[in-house]
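Sequential numbering from 20 applies to the sequence shown in the working numbering.
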Amino acid sequence: MPITIRRARAADRDAIIAMHVEMSRKAYGHILSEYYFAEVLPVEKDKLWTERFASPVDPERLSIMVADADGMLAGFTSVVFEPSDKWGAYLHHLYVGSDFQRQGLARRLWLAVLDTFPVAFQDAPISLLALEGNMPARALYHRVGGKVEERILAQYPGSPDTPVLRYTWPNPDVLRQMIATQRCL
Ligand SMILES: CC(C)(COP(=O)(O)OP(=O)(O)OC[C@H]1O[C@@H](n2cnc3c(N)ncnc32)[C@H](O)[C@@H]1OP(=O)(O)O)[C@@H](O)C(=O)NCCC(=O)NCCS
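Structure follows, in structure tokens:
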């Protein structure tokens, strides 16, 4: 099935929320508490995406890309551009539906979102946070040259302190080149 990568629209909101909630549970279910997945995460994600799509997305502050498989959401990514963030552009989300994984879609989403970086961030560093126990995601970040810059203990409701790793890249070109050299794309 052909998959198109495009900017997200308000009409994508509900599918993004559903995928965010479902895939979080699949990816972190062994790490975070059942209370968090049942009581906190669905409310948190609903609020986040409702707010993000409540008004037109400002491309200088936020970029959201979706993978569209003939009208079905196959994945999404979002990047926050906050000038005061010393780590640069923040890769906030990267989610690919179960049926679409291991086909290079996460890397396609990133290549597309890298092309949307505003001028002020085109030479800035990039970072993301990943749960230390999220091995599939870490394998991907390692494969595309991510460097672990720090280890933080994060608090999630109902869970003990949870280690989180910050991955960084020096700038979008470096990440782009690391992805482009992956021949499976
Ligand atoms: C992490 C995630 C986005 C990867 O998406 P994807 O489309 O499968 O990634 P790609 O196909 O572009 O890259 C796959 C590469 O990542 C690594 N990888 C991905 N899943 C892996 C797994 N389960 N085990 C080992 N390596 C894995 C491998 O290097 C793999 O390459 P290969 O298929 O040639 O072996 C996807 O697994 C996902 O949505 N997970 C749940 C949400 C999540 O954890 N998001 C990240 C939050 S920090």
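In this text, a Cβ means the ideal position worked out from N, Cα and C, and glycines have one as well.
Computed from a prediction, not measured in an experiment: that's the story for all the values here.
Identified DSSP bridge partners for Trp-188: Within the sequence shown, the letter at position 169 stands for residue 188. BP columns for Trp-188 point to Ile-145.
Three-state class that DSSP yields for Val-138 in the structure shown: Here residue 138 refers to the residue found at position 119 when the sequence shown is read from its first residue. Residue state, collapsed to three classes: helix.
Limits of the unbroken alpha helix (DSSP H) element including Ala-125: Within the sequence shown, the letter at position 106 stands for residue 125. Here the alpha helix (DSSP H) through Ala-125 covers 124-133.
Assigned exposure category for Ala-156 - 16 Cβ within 10 Å defines buried: The residue labelled residue 156 in the question sits at position 137 within the sequence shown. It counts as buried.
Straight-line gap, Met-91 to Ala-30 (C-alpha atoms, nearest Å): Reading the sequence shown from its first residue, position 72 is the one you call residue 91. Reading the sequence shown from its first residue, position 11 is the one you call residue 30. Cα to Cα, Met-91 sits roughly 12 angstroms from Ala-30.
Under 7 angstroms between C-beta atoms of Ala-86 and Ile-36: Along the sequence shown, read from residue 1 onward, the residue named residue 86 stands at position 67. Along the sequence shown, read from residue 1 onward, the residue named residue 36 stands at position 17. Cβ distance not < 7 angstroms, so Ala-86 and Ile-36 don't count as in contact.
Span of the beta strand (DSSP E), counted from its first residue to its last, around Arg-44: Here residue 44 refers to the residue found at position 25 of the sequence shown. Where Arg-44 is concerned, there is no enclosing beta strand (DSSP E), although the alpha helix (DSSP H) it sits in stretches over 32-47.
Validate contact between the region 42-56 and the region 73-80 using beta carbons, cut 8 angstroms, 3 pairs: no
Given Thr-187 as reference, the closest of Val-167, Arg-195, Leu-159 and Gly-123 once Cα atoms are compared: For the purposes of this step, residue 187 is taken as the residue at position 168 of the sequence shown. Of the listed residues, the one whose Cα sits closest to Thr-187 is Val-167.
Asp-118 - DSSP class collapsed to helix/strand/coil: Numbered from its first residue, the sequence shown carries residue 118 at position 99. Here Asp-118 sits in helix by DSSP.
Thr-96 to Gly-165 span [Cα, whole Å]: The residue labelled residue 96 in the question sits at position 77 within the sequence shown. The residue labelled residue 165 in the question sits at position 146 within the sequence shown. Computed Cα separation, rounded: 17 angstroms.
Start and end residues, beta strand (DSSP E) containing Met-20: Indexing the sequence shown from 1 puts residue 20 at position 1. Counting along the chain, Met-20 falls outside any beta strand (DSSP E), and DSSP gives it neither H nor E.
Residue closest to Arg-71, alpha-carbon to alpha-carbon, out of Met-20, Lys-105 and Asp-33: Position 52 of the sequence shown, counted from the first residue, corresponds to residue 71. The option with the nearest alpha carbon to Arg-71 is Asp-33.
Cα-Cα separation between Leu-194 and Ser-74, rounded to whole angstroms: The residue you call residue 194 lines up with position 175 of the sequence shown. The residue you call residue 74 lines up with position 55 of the sequence shown. Near 30 angstroms, if we compare the C-alpha coordinates of Ser-74 and Leu-194.
Bridge-paired residues (DSSP) for Val-167: Working through the sequence shown from its first residue, we reach residue 167 at position 148. Paired residue(s): Tyr-186.
Leu-113 - partner residues in DSSP beta bridges: Taking the sequence shown and counting its residues from 1, the one referred to as residue 113 is at position 94. Paired residues: Thr-96.
Test item: CB-CB of Val-115 and Ala-125 under 7 angstroms: For the purposes of this step, residue 115 is taken as the residue at position 96 of the sequence shown. For the purposes of this step, residue 125 is taken as the residue at position 106 of the sequence shown. In this structure, Ala-125 lies closer than 7 angstroms to Val-115 by Cβ.
Coarse secondary structure for Arg-195, derived from DSSP in three states: Within the sequence shown, numbered from 1, the residue matching residue 195 stands at position 176. The answer is helix: DSSP assigns Arg-195 an H, G or I state.
Counted within 10 angstroms of its Cβ, other Cβ atoms place Pro-191 as buried (16 or more) or exposed: Here the question's residue 191 lines up with position 172 in the sequence shown. Counting Cβ neighbours within 10 Å, Pro-191 comes out buried, since at least 16 surround it.
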